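In our numbering, the protein residues as written are 1430 to 1530.
C-beta: ideal position from N, C-alpha, C; glycine also.
Keep in mind the model is a prediction, meaning the values are calculated, not measured.
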Amino acid sequence: MCDWVASAQIGHCIQYHEGLLLRDRSEISSDLTTKDRARIHSVARRAWIACELGLVHLFSQKVGQDHYRYLAMRSSSPLKPPEIRTQLRIAQMAPSNRKPH
């Protein structure tokens, strides 16, 4: 996700998850393995951080009942790719105020 954000053209999109993100990250309601839930949480956190930094816009597209595509669209930024990677890595290392669902 970090490499994509750093190298993507403005307006390009990436799908970072398909399903129901809240359920798929949940220890209680997900049928996924702990490893898969952790991977989904990590990617979603990176997408959220990129959004907070103004590097992407996040969207969801309904596919069906409790089924969505989660998309990140690259926005404009004065930062160069190495600076973007650095900013994302610094932000990722900061403790999260939220626990994974």
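DSSP state of residue i mapped onto helix, strand, coil
i, result
"Ala1467", "helix"
"Gln1521", "helix"
"Leu1487", "strand"
"Leu1449", "coil"
Interface flag, residue i vs chain C, CB-CB below 8 angstroms
i, result
"Ala1523", "Chain labels in this structure do not include chain C; a single protein chain is all it has."
Candidates the options, of which the one nearest residue i by Cα
i, options, result
"Met1436", "Gln1521, Met1522, Ser1506, Ala1520", "The sequence as given places Ser at residue 1436; Met does not occur at that position. Ranking the options by Cα distance to Ser1436, first place goes to Ser1506."
"His1496", "Trp1433, Leu1451, His1470", "Leu1451"
"His1486", "Ile1469, Ala1473, Ala1520", "Ala1473"
"Cys1442", "Ala1501, Arg1518, Leu1517, Ala1520", "Ala1501"
"Ala1476", "Arg1503, Asp1460, Ala1523", "Arg1503"
Run of the alpha helix (DSSP H) containing residue i, from where it starts to where it stops
i, result
"Ala1435", "1431-1436"
Distance CB(residue i)-CB(residue j) smaller than 8 angstroms
i, j, result
"Leu1482", "Gln1516", "yes"
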